[in-house]
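Read through the structure below, which is laid out as structure tokens, and then see the notes.
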Amino acid sequence: MITVKKLVKRFGLKTVLRGLDFEVQEGEFVALLGPNGAGKTTFLRILATLSRPSFGEVRVAGHRLPAEAAAVRSNLGVVSHLPLLYGDLTAEENLQFYGRMYGVFELRKRIDEILELVGLTSRRRDLVRTFSRGMQQRLAIGRAILPNPEVLLFDEPHTGLDQDACDMLDGLLREVAGQGRTVVMTSHDLARVEDLASRFDVLSRGIISASSKRNEMGKNNLLDFYRKALAAAV
Amino acid sequence: MKPQPIALKVLNVFSVLLFLAAFGMVFLYAPLEETMNYVQKIFYFHVANAWVGMLGFIAAAVAGVVYLVKHDQKWDIIELAAVEISLIFFITTIITGSIWARPVWNTWWTWDTRLTTATILEMIYIAYLLLRQGIEDPDRRARFGAVYTIIGAISVPITFLSIRIVSRTIHPVVIGATNGTATGSFNMAPPMLFTMFFALFTFSAIFVTLFWHRIRLGQLAQQVEQLKLEEMQ
Amino acid sequence: MNNIQEIAEHKPTPGFFGAVGAIIWKDLAAELRSRELLSAMLVFALLVVLIFNFALELDAGTRRVATPGILWATFAFAGTLGLNRSMAVEKDRGCLDGLLLAPVDRSAIYFGKTISNLAFMLIVEAVVLPIYSVLYNTNLFNPGLIVVILLGSVGYVAVGTLLSSMAVQTRTRDVLLPILLFPVVIPILIAAVKASSGFLQGLGLTDVMPYINLLIVYDVIFIAVAYMVFDFVVEE
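Protein chains in written order, with the working numbering: chain A, 2 to 235; chain B, 92 to 324; chain C, 162 to 397.
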């Protein structure tokens, strides 16, 4: 579903990603781990077509980036730690707007489905700026799956959420991912990610320094795996 | 840092010599104008400076377009150099113009077409520099700089035309000297014409020299940035 | 739950105009609710008119001559407020990314934002004109004047939306927009003031035409240029 070969990303003179290789099969849920500033967000933005690679080959859902970026976008759902929602519009109106932007069929019905899924049907006519952060993130996920994309990209979605909100989010994430979608999620909260993902990759010093499927790793070894991966990359 | 190429060293000397020659020509060779006497002599430098400013202006606009097409940082350095040099030369143009205006028109400033446009151009340049200053990411800085150069470059001729439509200029029409009605315009005798072209040539050479130096400075700055980054990592 | 494979094969594509329309609707709907932008612009515009009143101390005759200038200065200043605010909304909650993620041409974003900015500016102008008329006992209900205001606003907003997209991504933000914008929209100010003046004084169309032409040329050129370079301002 996602293939990345020798991806290099430079900002002026600073090289953030140095020949990164990455591959995700359809239906996998990959947790992308790594220290702050490692380049996780940069990498995700490139996959999300928000940023152009400096060198290298990137393929998402069968399309080459950045050449065929426009074609991929309708098949991508992105949730970052910013909600990407308009505070002065209601939950419903936000979904309506994005639905129109993506040209979603049978929008009204789809909006009802989504509000039901994220548990916000009762708040559909409320302004988003009155929502708690947890609710905004849930709505953001709803926004992301509006066009029924095959690929989902999450950039540290748990940021700023309390325990309960995190749990609710996880439930939603599981359900959404369980529909056969391919998911890449960055995080530096190992405990959260342990139960969600089927695969764990570590991005350190501009490349993927380690990768391990969940069934290859016993429980409670995630922390060790992570530490080893960071140490090895130095 | 590469040492100055021979061509540049030669150009340095050449420019200085040309400037001295031009200075000499202006004061010794060119005849005194009847009405304005010595004040008129500043005219040679004034026009030459304006000419060079225009060169810089066009260079900046072209560099902007090329950068957007090619995304090569080199063109960004060229664009910045062109803007800075053009900025300085237009300032000297305005100042020399002012020095000329005072004895001739009895005013330090007029809102005529060329002067006003030059001032607006300076404001655009300053806005450009402020824009660049507010951006950290070099790629974004280059992109935005190029876009603003293009917007500015297109608006300036339109501004010039707008003001011209509105007001009748009191700026002397110097070339095409048959119309001597505007105060301060004068017929140009051949030696004057020659002096003026020599001054234009001189200042063009000075422009190229300074431009080259400034580009080298930009490249040096880039190398320093690179070294700093490598040091940090 | 739907079979995602089936749905993936029939990916809908939104129309260009659908996207432009959605953005305009979104901006207007949000503004209708909060009214922050419009009220700020309106109050500011009226304050500027007030300041001019005290600063210039005009008698009736001179005021008639100065009216076009005062009006356009007011619109220019209030306009920057609207432009800044409109873009800030997108930047603050990361919504600009949201727009960029949509499978539409970038220019749809440009045209959508420009048209909503134009709508806000026209609304403010539509309120300021009658108030000015009443305050100074001048009749400003002149069809020629309306045309000039329309043409001038279009050009102003065409360049302003592009430049505010840039300004909002810098450190200096709000302060930078007027610095970038004003030197570049001077032709609009010149032509608009002259044309407004001409119409208010009842001059013939032939006298005013050069300035109307200037406005039209400026509008066409800059809409085209802004449309072409907008990609470079939003794409990384």
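Beta carbons: idealized from backbone N, C-alpha and C, even for Gly.
Quick caveat: nothing in here was measured; it's all calculated off a predicted structure.
Contacting residues, own chain, Cβ-Cβ under 7 angstroms from residue i (five flanking each side not counted)
| i | result |
| --- | --- |
| A/Ser210 | Val203, Ala230, Ala233, Ala234 |
| B/Tyr158 | Trp166, Asp167, Glu170, Ala233, Ala237 |
| A/Pro6 | Correcting the residue type first, residue 6 of chain A is Lys in the shown sequence and not Pro. Within the same chain, A/Lys6 has close Cβ partners Asp22, Gly57, Glu58. |
| A/Leu224 | Leu191 |
| C/Ile349 | Gly313, Gly316, Tyr317, Leu376, Tyr379 |
| A/Arg111 | Gly100, Val105, Leu147 |
| C/Leu301 | Leu290, Tyr293, Ser294 |
| A/Glu93 | Ile112, Arg125, Arg126 |
| B/Gln310 | Ile168 |
| C/Gly230 | Val354 |
Alpha carbon of residue i to alpha carbon of residue j, nearest angstrom
| i | j | result |
| --- | --- | --- |
| C/Ser268 | B/Gly155 | 21 angstroms |
| A/Ala166 | A/Arg139 | 9 angstroms |
| B/Val101 | B/Phe114 | 20 angstroms |
| C/Leu338 | A/Glu176 | 45 angstroms |
| C/Gly359 | C/Leu306 | 9 angstroms |
| A/Tyr99 | A/Gly120 | 19 angstroms |
| A/Leu162 | A/Met136 | 10 angstroms |
| C/Asp188 | B/Thr300 | 52 angstroms |
| A/Val152 | A/Ala62 | 7 angstroms |
| A/Glu169 | B/Ile249 | This sequence places Met at residue 169 of chain A; Glu is not what is there. About 59 angstroms. |
| C/Ile384 | B/Phe251 | 20 angstroms |
| C/Val336 | B/Arg223 | 14 angstroms |
| B/Ile215 | C/Glu396 | 24 angstroms |
Contacts that residue i makes with chain C (C-beta to C-beta distance below 9 angstroms)
| i | result |
| --- | --- |
| A/Val92 | This sequence places Ala at residue 92 of chain A; Val is not what is there. Under the 9 angstroms cutoff, chain C gives no residues; its nearest Cβ is about 13 angstroms from A/Ala92. |
| A/Ser81 | Gly255, Asp258 |
| B/Thr250 | Pro344, Val345, Ile347, Pro348, Ile351 |
| B/Ile242 | Val320, Leu323, Leu324, Leu341, Val345, Phe383, Val386, Ala387, Val390 |
| B/Ile245 | Val345, Ile382, Phe383, Val386 |
Contact test: residue i Cβ vs the ligand SAH heavy atom, cutoff 7 angstroms
| i | result |
| --- | --- |
| B/Leu206 | Ligands in the displayed structure: none, and consequently the ligand SAH is not present. |
Per-residue contacts from residue i into chain A (C-beta, under 7 angstroms)
| i | result |
| --- | --- |
| B/Glu170 | Ordered by position in chain A, no residue passes the 7 angstroms Cβ test against B/Glu170, which lies about 15 angstroms from the chain. |
| C/Ala191 | Tyr87, Asp89, Leu90 |
Cut-off 6 angstroms between Cβ atoms - residues of its own chain near residue i, not counting five sequence neighbours on either side
| i | result |
| --- | --- |
| B/Arg255 | Thr204 |
| A/Ala49 | Val79, Leu154 |
| A/Ser81 | Asp156 |
| C/Tyr372 | Ala352, Lys355, Ala356 |
Closer than 8 angstroms to chain A by CB, residue i
| i | result |
| --- | --- |
| B/Pro229 | yes |
| B/Leu284 | no |
| C/Arg246 | no |
| C/Ser195 | yes |
| C/Lys252 | no |
| C/Tyr388 | no |
| C/Pro264 | yes |
| C/Leu261 | yes |
| C/Lys187 | yes |
Beta carbon proximity, residue i to chain C, threshold 8 angstroms
| i | result |
| --- | --- |
| A/Tyr227 | no |
| A/Pro84 | yes |
| A/Arg65 | no |
| B/Ser177 | no |
| B/Ala218 | yes |
| B/Gly225 | yes |
Minimum Cβ-Cβ distance from residue i to chain B less than 8 angstroms
| i | result |
| --- | --- |
| A/Leu14 | yes |
| C/Thr367 | no |
| C/Tyr271 | no |
| C/Tyr317 | no |
| C/Arg332 | yes |
Where residue i meets chain B, residues with beta-carbon distance less than 9 angstroms
| i | result |
| --- | --- |
| C/Phe393 | Leu159, Arg234, Phe235, Ala237, Val238 |
| C/Leu375 | Ile249, Leu252, Ser253, Ile256 |
Contacts that residue i makes with chain C (C-beta to C-beta distance below 8 angstroms)
| i | result |
| --- | --- |
| A/Phe56 | Correct list: empty, because the minimum Cβ distance to chain C is about 15 angstroms. |
| B/Ile257 | One point to set straight first is that residue 257 of chain B is Val, not Ile, in the sequence displayed. Result: Ile351, Lys355. |
Neighbourhood of residue i by C-beta, 8 angstroms cutoff - its chain only, sequence neighbours within 5 removed
| i | result |
| --- | --- |
| C/Asn343 | Before going further, note that residue 343 of chain C is Phe rather than Asn in the sequence given. Closer than 8 angstroms at the Cβ level, and outside the excluded window around C/Phe343, lie Ala237. |
| A/Leu8 | Leu18, Gly20, Leu21, Asp22, Phe23, Phe44, Ile47, Pro54, Phe56, Gly57, Glu58, Val59 |
| A/Pro36 | His189, Ser205, Leu231 |
Listed by chain order, chain B residues near residue i by CB distance under 8 angstroms
| i | result |
| --- | --- |
| C/Met327 | Leu222, Phe235, Val238, Tyr239 |
Within chain C, the residues that residue i reaches when beta carbons sit closer than 7 angstroms
| i | result |
| --- | --- |
| B/Ile211 | Pro344, Ile347 |
Per-residue contacts from residue i into chain A (C-beta, under 9 angstroms)
| i | result |
| --- | --- |
| C/Gly179 | Arg101, Met102, Gly104 |
**Prompt:** Where in the stretch 151 to 206 of chain A do unbroken runs of the beta strand (DSSP E), each at least 3 residues long, occur, reported from the N-terminal end onward?
**Reply:** Taking only runs of at least 3 residues, the beta strand (DSSP E) segments lying wholly in the stretch 151 to 206 of chain A are 152 to 156, 183 to 188, 200 to 205.
**Asked** Which runs of the alpha helix (DSSP H), 4 residues or longer, sit entirely within the stretch 242 to 282 of chain C?
**Response** Restricting attention to alpha helix (DSSP H) runs no shorter than 4 residues, the stretch 242 to 282 of chain C encloses them at 256 to 262, ordered along the chain.
**Prompt:** What residues from the stretch 295 to 320 of chain B come within 8 angstroms of chain E, judged by C-beta to C-beta, listed N to C?
**Reply:** Protein chains A, B and C are contained in the structure displayed, whereas chain E is not.
**Request:** Starting from the N-terminal side, write out each stretch of the alpha helix (DSSP H) that is 4 residues or longer and does not extend beyond the stretch 120 to 159 of chain B.
**Result:** If we require 4 residues or more, the stretch 120 to 159 of chain B turns out to have no alpha helix (DSSP H) run fully inside it.
**Item:** alpha helix (DSSP H) runs wholly inside the stretch 277 to 339 of chain C, at least 4 long, in chain order
**Value:** Within the stretch 277 to 339 of chain C, the complete alpha helix (DSSP H) segments of 4 residues or longer fall at 304 to 328, listed in chain order.
**Request:** Just list the alpha helix (DSSP H) runs in the stretch 67 to 136 of chain A, keeping only unbroken ones of 4 residues or longer that don't cross its boundaries, in chain order.
**Result:** 70 to 74, 92 to 103, 108 to 119
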